[in-house]
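Throughout the sequence shown, residue numbering follows numbering that gives the first Met the number 0, covering 0 to 291 in sequence.
Cβ coordinates follow ideal geometry from the N, Cα and C atoms, glycine included.
Following: one structure in structure tokens, then a few remarks.
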Amino acid sequence: MAAGAVASRVRRWVAGLPLLVALAATTTLAQQHITLWQLETRSGPEYTATYQSQRVTVRGVVAVPLFRFPGYNLQAIQDGRNGGVLQLPLTGPLAGPYAPGDELEAAGTVGMRYGLTVLVAERIGVVAHRAPPIPKELQIRDLQSTVHLGELVRTQGTVTDMAWNSGGTMIILPGNGDRFQLFIPRAPGQARTNLDSIRKGDTVRVTGVAAQYTPMPPYNNGFEIMVADVNDIVPLQRQPTVPQPVIMGSIAGILLVSFSLWSRERRLRAQRRRLRRTYKLGEEILGASSAE
0 MAAGAVASRV
10 RRWVAGLPLL
20 VALAATTTLA
30 QQHITLWQLE
40 TRSGPEYTAT
50 YQSQRVTVRG
60 VVAVPLFRFP
70 GYNLQAIQDG
80 RNGGVLQLPL
90 TGPLAGPYAP
100 GDELEAAGTV
110 GMRYGLTVLV
120 AERIGVVAHR
130 APPIPKELQI
140 RDLQSTVHLG
150 ELVRTQGTVT
160 DMAWNSGGTM
170 IILPGNGDRF
180 QLFIPRAPGQ
190 ARTNLDSIRK
200 GDTVRVTGVA
210 AQYTPMPPYN
220 NGFEIMVADV
230 NDIVPLQRQP
240 TVPQPVIMGS
250 IAGILLVSFS
260 LWSRERRLRA
270 QRRRLRRTYK
280 LGEEILGASS
290 AE
């Protein structure tokens, strides 16, 4: 009986071994710590996230308050060298808010949202508070890659177009071979962003988080800056209210009219001088005749 009992226990242990191995593997994956640089790495011809669908843990300092979208929020963090983005639910204990300078440790599953690598958070803890990251001064061409995604950045460019959709407001700047946009997310129930302070042709300086919006692979284009508020877009040089060609045309018209008036006045003065000479000559002739 004792031997049978031992054999039964061994069989039950062996039967449960695969489950224990699976649980151990899951726990190991959930505790796999990676850097934000590793989180942002891409692989394959479609430039998908290297850690796609894997459960990992990352750590970083909150750069700016979270960005609110319909159905989810995005929180940018930095670790001193690179940036990353956490996807958070709209409500609940994970939703925050978190303040700039909060150092977060977040665990979850790596995914991609329209080309942007995100960690879909399942656990978050505030582990410390540090100085908030300061914006990196970069050129637009430096932002048209995955190198700075998730980082707080600052750049400048000339506004070529503006547009709106249900998700937010877009301001288009010239990019290097591909257009580059500034995107102001529109939170649920929020009014459309007022862009009266910005005009096409304005040179603007913008501060925000380097991001990406590419609905279809390959995910190597569609780079942008997520901007929290229109006040983070500062005009440096204003485009004149009246277009430059109209101003030049008006100046040319004024010069042409002025030249015409000057020419007319010159002709009239010449005619008056001729008339005076004619009158004088007539008087001289009449005077000579009288003397005879």
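Collapsing the DSSP output to three states places Ala106 in a strand.
Assigned with DSSP and collapsed to three states, Asp160 falls in strand.
DSSP places Glu223 within a strand segment (E or B) once states are collapsed to three. A direct Cα-Cα distance of roughly 18 angstroms separates Arg112 from Met169. For Pro184, same chain residues with a beta-carbon under 7 angstroms away, outside a window of 5 residues either side, are Phe66, Arg67, Phe68, Gly166, Gly167 and Met225 in chain order.
Within the same chain, Cβ atoms closer than 6 angstroms to the Cβ of Leu172 are found at Gly156 and Phe179, the five residues on either side in sequence being excluded. Residue pairing of Phe68 in beta bridges, as defined by DSSP: Tyr71.
For Lys199, the three-state secondary structure derived from DSSP is coil. Note that the segment 103-111 touches the segment 55-65; at least 3 beta-carbon pairs, one per stretch, sit closer than 8 angstroms. Assignment of Ile133 by DSSP, reduced to helix, strand and coil, places it in the coil class. Around the beta-carbon of Asn81, 16 or more other beta-carbon atoms lie within 10 Å, marking it buried. Contact annotation: the segment 249-269 does not touch the segment 111-127, with fewer than three C-beta pairs closer than 8 angstroms. According to DSSP, residue pairing for Val57 in a beta bridge involves Ala105.
Val233 is bridged by DSSP to Arg204. By the Cβ criterion, the segment 94-102 is in contact with the segment 116-136, since at least three pairs of Cβ atoms, one from each stretch, lie closer than 8 angstroms. Nearest neighbour of Glu45 by Cα position, chosen from Asn220, Ile284, Ala227 and Leu93, turns out to be Asn220. In the three-state DSSP reduction, Arg191 falls in the coil class, being neither helix nor strand. DSSP places Glu264 in the helix class (H, G or I) of the three-state scheme. For the pair Gln37 and Leu151, the CB atoms are not nearer than the 8 angstroms cut-off.
By the CB criterion at 8 angstroms, Thr154 and Leu137 fall inside the cutoff. Of all alpha-carbon atoms in Glu39, Leu93 and Pro96, the one lying nearest the alpha-carbon of Val109 is that of Glu39.
Taking C-beta atoms as the reference points, Gly149 and Ala209 count as a pair closer than 8 angstroms. Burial state of Phe258 is exposed, judged by a 10 Å Cβ sphere holding fewer than 16 other Cβ atoms. In the structure shown, Ile183 falls within a strand segment according to DSSP collapsed to helix, strand and coil. Beta-bridge partners of Arg271 (DSSP): none assigned. In this structure, Ala227 sits near Val63, with a CB-CB distance shorter than 8 angstroms. Gly200 and Arg237 have their C-alpha atoms some 7 angstroms from each other.
The residue from Gly79, Thr277, Glu121 and Ala75 with its alpha-carbon nearest to that of Gly91 is Glu121. Out of Val119, Thr206 and Leu254, the CA that lies nearest to the CA of Gln51 is found in Val119. Cβ contact annotation for Ile197 (same chain, cutoff 8 angstroms, sequence separation greater than five): Val158, Met161, Ile170, Val203, Val229, Ile232 and Pro234, in chain order.
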